[in-house]
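*Asks:* If you read the sequence shown in our numbering, its first letter stands for residue 12, the second for the next number, and so on.
Ideal placement from N, C-alpha and C gives every residue a C-beta, glycine not left out.
Handing you this structure, nothing more for now.
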Amino acid sequence: MKRFASDSDYTPKTSVLINGDAVIFRLLRKSDGPALETFFSKIPEKEADLLRSDVRSPAVISAWVDSLDYSRVLPVVAWSESTEHIAGVATLHFTNGVYRHIADIRIVVGVEYRKLGLGSALIKELIEIGDQLGLHFLKAEILTDNPLAIKAFRQLGFEAKVTLDGCYMTRKGEVRDLVIMLKRMQVSMEKDMFYLF
Numbered sequence: 012m013k014r015f016a017s018d019s020d021y022t023p024k025t026s027v028l029i030n031g032d033a034v035i036f037r038l039l040r041k042s043d044g045p046a047l048e049t050f051f052s053k054i055p056e057k058e059a060d061l062l063r064s065d066v067r068s069p070a071v072i073s074a075w076v077d078s079l080d081y082s083r084v085l086p087v088v089a090w091s092e093s094t095e096h097i098a099g100v101a102t103l104h105f106t107n108g109v110y111r112h113i114a115d116i117r118i119v120v121g122v123e124y125r126k127l128g129l130g131s132a133l134i135k136e137l138i139e140i141g142d143q144l145g146l147h148f149l150k151a152e153i154l155t156d157n158p159l160a161i162k163a164f165r166q167l168g169f170e171a172k173v174t175l176d177g178c179y180m181t182r183k184g185e186v187r188d189l190v191i192m193l194k195r196m197q198v199s200m201e202k203d204m205f206y207l208f
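So this is what it looks like as structure tokens:
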């Protein structure tokens with residue numbers, strides 16, 4: 012599978028939101044640490060607790076930007092031209108071995124940018140990147156009590172494959188139900204014949 016080696020492998024793009032504001036999609040850079048801290052500090056605490064990492068910890072953010080490796084995690088930020096802040100973050104998480112043809116997709120949209128089409132635009136961007144990289148599947152894990160996210164992924168071709176009851180535990184110890192959604196990226200009759208039976 013192909014991977015991006017540096018941020019020069021990605022061409023930034025402009026996306027216009029429903030309200031007319033423009034955001035630029037580009038890869039996260041080491042210099043984005045303070046902007047990323049500011050972005051996650053504005054996510055409501057209840058939502059931040061549902062994320063996999065403690066995004067309110069400066070040490071976590073610092074570790075992310077200091078150890079950027081686009082071949083392992085490809086972070087795309089939506090940079091707001093008008094506010095000069097990060098409006099959203101979307102990541103593709105790659106694995107090796109038998110799952111190297113699948114990437115996990117994760118998205119967080121800033122509160123003031125929700126219901127403006129940014130989440131869907133970020134999903135579309137990651138689908139396009141996944142296609143360029145030759146991935147076969149994109150996988151999203153979404154809490155079942157987030158129907159808007161499930162709907163957005165479904166509208167972009169993801170299918171719910173399984174619901175795991177009580178399999179997601181927040182940092183505060185609450186268990187939640189999780190749905191795993193997959194999007195099939197490409198079909199090769201020669202390589203993927205076994206999927207058709």
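1) Per the DSSP calculation, L175 is bridged to which residue(s)?
2) Is the beta carbon of V34 closer than 8 angstroms to that of F51?
3) Going by DSSP, name the residue or residues bridged to P86.
4) What do you get for A129, buried or exposed, if any count of 16 or more other CB atoms within 10 angstroms of its CB means buried?
5) Round the Cβ separation of G44 and S19 to the nearest angstrom and send it over; I've been treating them as touching at under 8 angstroms.
6) May I ask you to list the residues that DSSP assigns as paired with M180?
7) Counting only the same chain and skipping the five closest in sequence on each side, list residues whose C-beta sits under 7 angstroms from that of P69.
8) Which of the three DSSP states, helix, strand or coil, is assigned to T4?
9) Are N140 and L167 touching if we call contact CB-CB under 8 angstroms?
10) Return the Cβ separation of A114 and L79 in integer angstroms, given the expectation that the two are a contact with Cβ distance under 8 angstroms.
11) Kindly identify the DSSP beta-bridge partner or partners of V76.
12) For the alpha helix (DSSP H) holding S209, just list the boundary residues, first then last.
13) With F50 as the anchor, note down where its alpha helix (DSSP H) starts and where it stops.
14) Just grab the DSSP bridge partners of L167 for me.
15) Roughly how far, in whole angstroms, is the beta-carbon of F36 from the beta-carbon of P23, given that I think they are within contact range, below 8 angstroms?
16) Just to check my reading of the structure: I191 and K172 have Cβ atoms closer than 8 angstroms, yes? What is that Cβ distance to the nearest angstrom?
17) Using the Cα positions of T25 and I134, report the straight-line distance between them to the nearest angstrom.
18) Counting only the same chain and skipping the five closest in sequence on each side, list residues whose C-beta sits under 6 angstroms from that of I161.
19) Which of helix, strand or coil does DSSP assign to L159?
20) With distance defined between alpha-carbon atoms, name the residue in I29, L189, L85, G121 nearest to P158.
*Replies:* On the basis of the supplied data:
1) Answer is L189, bridged to L175.
2) Between F51 and V34, the C-beta spacing is not below 8 angstroms.
3) Answer is T102, bridged to P86.
4) The residue asked about is misnamed: residue 129 is Leu in this sequence, not Ala. It counts as buried.
5) The beta-carbon separation of G44 and S19, rounded to 20 angstroms, does not stay under the 8 angstroms limit for a contact.
6) For M180, the pairing in a beta bridge is given by DSSP as V186.
7) The beta carbon of P69 is closer than 7 angstroms to those of E48 in its chain, skipping five residues each way along the sequence.
8) Past the boundaries of the shown model lies residue 4; the chain is included only from 12 to 208, so the question cannot be answered.
9) Checking the sequence, you will find Ile at residue 140 rather than Asn. L167 sits away from I140, with the two beta carbons spaced by 8 angstroms or more.
10) Actually they are not in contact, since the Cβ atoms of A114 and L79 sit about 16 angstroms apart, beyond 8 angstroms.
11) Per DSSP, none; premise fails for V76.
12) Outside the shown range of the chain, which is 12 to 208, sits residue 209, and nothing can be said about it.
13) Residues 44–52.
14) According to DSSP, which records beta bridges pairwise, L167 is partnered with nothing at all.
15) That pair is a contact at about 6 angstroms.
16) Between the beta-carbon of I191 and that of K172 there is about 5 angstroms, and that keeps the pair under the 8 angstroms contact cut.
17) Each residue's Cα considered, the two are about 14 angstroms apart.
18) If we look at I161 and ignore the five residues flanking it on each side, its Cβ neighbours are I153.
19) Here L159 sits in helix by DSSP.
20) Ranking the options by Cα distance to P158, first place goes to L189.
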